[in-house]
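Asker: Got a structure for you, questions after.
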Amino acid sequence: MESDQDLVGPPKDIFTTADKSLTDEEKCRLEAQNSRMVPEFKAKKLEEQAQRHWDIFYKRNETHFFKDRRWTTREFEELLDITHEKNQEGGEKQRRLLEAGCGVGNLIFPLIEEKEERSSGSNTSWFYYACDFSPRAIEFVCSNPLYDERRIKAFQCDITTDQIHAHISASSLDIVTMIFVLSAIHPEKFSAVVENMYRLLKPGGVILFRDYGRYDMAQLRFKPGNKIAENFYMRQDGTRSYFFAEKELAALFTHSDRFEIIENSYVHRRTLNIKEGIDVPRIFLQSKLRKR
1 MESDQDLVGP PKDIFTTADK SLTDEEKCRL EAQNSRMVPE FKAKKLEEQA QRHWDIFYKR
61 NETHFFKDRR WTTREFEELL DITHEKNQEG GEKQRRLLEA GCGVGNLIFP LIEEKEERSS
121 GSNTSWFYYA CDFSPRAIEF VCSNPLYDER RIKAFQCDIT TDQIHAHISA SSLDIVTMIF
181 VLSAIHPEKF SAVVENMYRL LKPGGVILFR DYGRYDMAQL RFKPGNKIAE NFYMRQDGTR
241 SYFFAEKELA ALFTHSDRFE IIENSYVHRR TLNIKEGIDV PRIFLQSKLR KR
């Protein structure tokens, strides 16, 4: 399991809406994956035990697997908005952000630190929600020294269900971040997630999205026996990963005219580490989507 922070070396990003052109060798790899699929009974069991697998993942790795996502403020300038809007009473209007699939807080805590550095002190103009499927991940978030219930609310929930609406009011969020989250969910439940985020966002609120892109290196190197469905795979630890196409994601979010697309493109990144002999091409999908 990788994220775009796993390898060292200066990133050289290329943004494009064009699908990757596969070589004959890559086409053979993808075809070989179809020779032995994950059996239906096992795929069903993976879905039933999805929370358990993520809890075991965090039990094993604690807070050490994912690096802090300090790159997010470079890619999504909306995260650093520290304008001081006034409410009707003349006080400072508080804005609200949800980190969906927060893990151990690799986005939210670096973001808080950076905002405080830029505002020269405690910044109270934002309130943060953080949710994750794994109860153990939420325990790590709550034990972080930066966790403060006056400005952060962390909770466990399944974002494919109505559970999240017990914690956050409808039409109350300015921003939702979905960073390597949707790919871990069964594709049949994508629409339910989109609907939930739509209900939570204010009109004009935005989703900031990054996830695995179609034909990323991680997809191509799966062996026979790991493919659950088209572009959906099982990892060795029982967690799962989906690989998105640009047009597919656009259709998912613009269905029923819910969101308008601000940005939506593949990010091609080649990470070099000459000392380690690493030259790895990655493909991610990065998007900004605004609620109409």
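Under the UniProt record's numbering, the letters of the sequence shown match residues 1 to 292, in that order. Backbone N, C-alpha and C define an ideal beta-carbon position, used for all residues, glycine too. Remember, predicted model here, so these are calculated numbers, not experimental data.
Looking only at DSSP bridge pairs, what is residue 356 linked to?
Answerer: Here the chain covers residues 1 to 292 and nothing more, so residue 356 does not appear.
Asker: Under the assumption that Arg69 contacts Leu107 (Cβ atoms under 8 Å), give the Cβ distance between them as a whole number of angstroms.
Answerer: Position 69 of the sequence shown, counted from the start, is the residue given in the question as residue 69. Position 107 of the sequence shown, counted from the start, is the residue given in the question as residue 107. 5 Å between Cβ atoms; contact.
Asker: Where Phe284 and Trp54 are concerned, what is the direct C-alpha to C-alpha distance, given to the nearest angstrom?
Answerer: Taking the first residue of the sequence shown as position 1, residue 284 is located at position 284. Taking the first residue of the sequence shown as position 1, residue 54 is located at position 54. Roughly 22 Å separates the two Cα atoms.
Asker: Which same chain residues, not among the five before or five after Met37, have their C-beta less than 6 Å away from its C-beta?
Answerer: Residue numbering aside, residue 37 sits at position 37 when the sequence shown is read from its first letter. Correct list, in chain order: Lys227.
Asker: Shortest alpha-carbon distance to Ile185 belongs to which of Ala32, Ala50, His165, Lys27?
Answerer: Your numbering for residue 185 matches position 185 in the sequence shown. Checking every option, the nearest Cα to that of Ile185 belongs to Ala50.
Asker: On the DSSP bridge assignment, give the partners of Trp126 in chain order.
Answerer: Looking up residue 126 in the sequence shown gives position 126. Answer is Arg95, bridged to Trp126.
Asker: Is Asp6 helix, strand or coil when you go by DSSP?
Answerer: Here the question's residue 6 lines up with position 6 in the sequence shown. With a pLDDT of 47 at Asp6, under the threshold of 50, the predicted position of this residue should be treated as unreliable, though the coordinate-derived value follows. Three-state result, Asp6: coil.
Asker: Phe140 lies in the alpha helix (DSSP H); which residues open and close that run?
Answerer: Looking up residue 140 in the sequence shown gives position 140. Here the alpha helix (DSSP H) through Phe140 covers 135-143.
Asker: By the DSSP assignment, the alpha helix (DSSP H) with Tyr58 in it spans what residues?
Answerer: On the sequence shown, residue 58 is found 58 positions in, with the first residue counted as 1. Run containing Tyr58: 50-61, per the alpha helix (DSSP H) assignment.
Asker: Where in the segment 215-291 do unbroken runs of the alpha helix (DSSP H), each at least 4 residues long, occur, reported from the N-terminal end onward?
Answerer: The segment 215-291 contains these whole alpha helix (DSSP H) runs: 217-220, 246-254.
Asker: Hey, is the segment 167-179 in contact with the segment 142-150, meaning 3+ C-beta pairs nearer than 8 Å?
Answerer: The segment 167-179 vs the segment 142-150: no contact.
Asker: Out of Arg221, Phe209, Leu98, point me to the one whose CA is closest to Val267's CA.
Answerer: Walking along the sequence shown from the start, residue 267 turns up at place 267. Of Arg221, Phe209, Leu98, the residue nearest in Cα terms is Phe209.
Asker: Kindly list the residues whose CB is nearer than 7 Å to the CB of Asn196, restricted to its own chain and excluding five residues on each side of it in sequence; keep chain order.
Answerer: Here residue 196 refers to the residue found at position 196 of the sequence shown. Within the same chain, Asn196 has close Cβ partners Ile159, Ile164.
Asker: Mind reading off the beta-carbon distance from Ala154 to Cys102? Whole number of angstroms is fine, and I expect it under 8 Å.
Answerer: To locate residue 154, count along the sequence shown from 1; it is residue 154. To locate residue 102, count along the sequence shown from 1; it is residue 102. That belief holds up - the Cβ atoms of Ala154 and Cys102 are roughly 7 Å apart, short of 8 Å.
Asker: Leaving out the 5 sequence neighbours to the left and right, which residues in its chain are closer than 8 Å to Tyr198 when beta-carbon positions are compared?
Answerer: Looking up residue 198 in the sequence shown gives position 198. Only Arg258, Phe259, Lys291 meet the Cβ criterion.
Asker: Examine the Cβ distances between the segment 13-28 and the segment 201-219 and report whether three or more of them are shorter than 8 Å.
Answerer: The segment 13-28, when compared against the segment 201-219, does touch it at the 8 Å Cβ threshold.
Asker: With DSSP as the reference, please indicate the residues paired to Met37 in a beta bridge.
Answerer: Sequence index remark: in the sequence shown, residue 37 carries index 37 (1-based). BP columns for Met37 point to Lys227.
Asker: List the whole-angstrom C-beta distance separating Pro187 from Gln156, where the pair is believed to meet the contact cut-off of C-beta under 8 Å.
Answerer: Locating residue 187 in the sequence shown gives position 187, where the first residue counts as 1. Locating residue 156 in the sequence shown gives position 156, where the first residue counts as 1. Between Gln156 and Pro187 the Cβ distance is about 23 Å, and since that is not below 8 Å, they are no contact.
Asker: If contacts are defined as beta-carbon pairs under 8 Å, then Val206 and Glu78 qualify, I think. What distance do you get, rounded to the angstrom?
Answerer: For this step, residue 206 is matched to residue 206 along the sequence shown. For this step, residue 78 is matched to residue 78 along the sequence shown. 6 Å between Cβ atoms; contact.
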